[in-house]
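J.: In this note's numbering, the protein residues as written are 3 to 282.
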C-alpha cells in the first residue's frame, strides 16, 4: 500500500491526460471564490484578458468599461484605437513592473521622466503608443488624454471593481535608462514611432522570479489599499513570444518566461486567500 493507491484518476498523467480528450478535462480548476452577476469585473494584462472581458460582458456579468469609445467611431476604429479591449484604454500590459508603475502613476506615487514620444511630427503616449495609430498633433493632447482620461479610468477600475483579472504575459521588457520606466513595447517598433529608438536611452531587461513576484504583490497591495475588498484572479497568457532580445532561442525564451509567470501566479494564489489562479 502506497500513498498513490488512494488517489483519483486526475492524479495520474496517463489516465488523466494521455488517454483522454482535452475537452473532457473538467477538474483542472477549483475556484476559490464565486463571481456573482452583480460583482463588477475589471481586466488588464496581455491578450488573453481581452477574451475574458469579452466573454464575461457577453454573458451578462457586470464588466467595467471605464474608458468607453466615442459613439461615432466604427467597430474597427474602436478596436484599432484600443477601446473596449480591456476595462481601461491601457492596451496590453505585458509585465508586472508595467502594471505596478501604471498604478503608482495613477495614484501620484511616480511620474515618468519621459511623458511623450515625438516621431515624424506626430506625438504618442510612450506607455501605450498604439492607441492612436497615427499619433496626435500636439504634446498637450497626449498629456491631456493620459492625465485627464486614462489615469482617472485606471483609478475607477481599481476602486469600483469587485474582481480584478490580470493576465501575465512576458518577463522581457524595455526600460528607460534614466528612471527605469517600463514601456509596453520596444521603443520605435510601433508603426509611426520609428524615429524614437535611441540605444543610449533604452535598455533590454528580462525579469526574474523575485522581481516579478515583488512587482505583482506591490501592485495588488496598492489596489487593495484603495479597495480592501478587491479579489484578484491571475492567468498566464499561453501565447508564445513573437521575438526575444535575450539572445536565447525564442522557444527557450518562451519557456523561461511562461515558467516564471506561472510560478509567480501559483505562489501568490497559494499565499493569499483573495488571489486565485485560473489555468488558461
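Quick reminder that beta carbons are idealized off the backbone N, C-alpha and C, glycines included.
Here the structure is a predicted model, which is why all the values come from computation and not from measurement.
In whole angstroms, give me the CA-to-CA distance for residue 195 and residue 10.
T.: Distance between the alpha carbons of residue 195 and residue 10: 55 Å.
J.: Between the C-alpha atoms of residue 224 and residue 166, what's the straight-line distance to the nearest angstrom?
T.: Near 13 Å, if we compare the C-alpha coordinates of residue 166 and residue 224.
J.: Give me, in chain order, the residues of the same chain whose beta-carbon lies closer than 6 Å to that of residue 100; leave out the 5 immediate sequence neighbours on both sides.
T.: Contacts found: 184.
J.: Could you give the residue range of the beta strand (DSSP E) that holds residue 258?
T.: That residue, residue 258, is in no beta strand (DSSP E); its alpha helix (DSSP H) goes 252-273.
J.: Taking its Cβ as the centre, do 16 or more other Cβ atoms sit within 10 Å of residue 103, making it buried, or is it exposed?
T.: Buried.
J.: Using only the alpha-carbon positions, how far apart do residue 228 and residue 41 sit?
T.: C-alpha separation (whole angstroms): 17 Å.
J.: From what residue to what residue does the beta strand (DSSP E) around residue 42 run?
T.: First-last of the beta strand (DSSP E) with residue 42: 42-47.
J.: Going by the DSSP bridge assignment, what does residue 244 pair with across the sheet?
T.: In the DSSP output, where bridge partners are listed per residue, residue 244 has none listed.
J.: Should residue 68 and residue 159 be called a contact, given that it needs their Cβ atoms to be closer than 8 Å?
T.: Against a cut-off of 8 Å, the Cβ pair of residue 159 and residue 68 comes out as a contact.
J.: Drop a sphere of 10 angstroms on the beta-carbon of residue 209, count the other beta-carbons inside from all chains shown, and report buried for 16 or more, exposed for fewer.
T.: Result: buried.
J.: Around the C-beta of residue 200, are 16 or more other C-beta atoms found within 10 angstroms, so that it is buried, or is it exposed?
T.: Per the 10 Å Cβ criterion, exposed.
J.: Is it a yes or a no for the stretch 45-62 touching the stretch 167-184, going by three-plus beta-carbon pairs under 8 Å?
T.: A contact exists between the stretch 45-62 and the stretch 167-184.
J.: Go through its chain and collect everything with a Cβ distance to residue 63's Cβ below 8 Å, but skip five positions before and after it.
T.: 37, 39, 41 and 43.
J.: Just list the residues that DSSP pairs residue 278 with in beta bridges.
T.: DSSP lists 235 as partners of residue 278.
J.: Per DSSP, what kind of secondary structure is residue 101 in: helix, strand or coil?
T.: Note: residue 101 maps to helix in three-state DSSP.
J.: Nearest-angstrom Cα distance between residue 238 and residue 46?
T.: Between residue 238 and residue 46, the C-alpha separation is close to 12 Å.
J.: Out of curiosity, what's the CA-to-CA distance linking residue 114 and residue 125?
T.: Spanning the two alpha carbons is a distance of roughly 16 Å.
J.: Per DSSP, which one or two residues make a beta bridge with residue 175?
T.: Paired residue(s): 207.
J.: Taking the beta carbon of residue 152 as the centre, do at least 16 other beta carbons fall within 10 Å, making it buried, or is it exposed?
T.: Label assigned to residue 152: buried.
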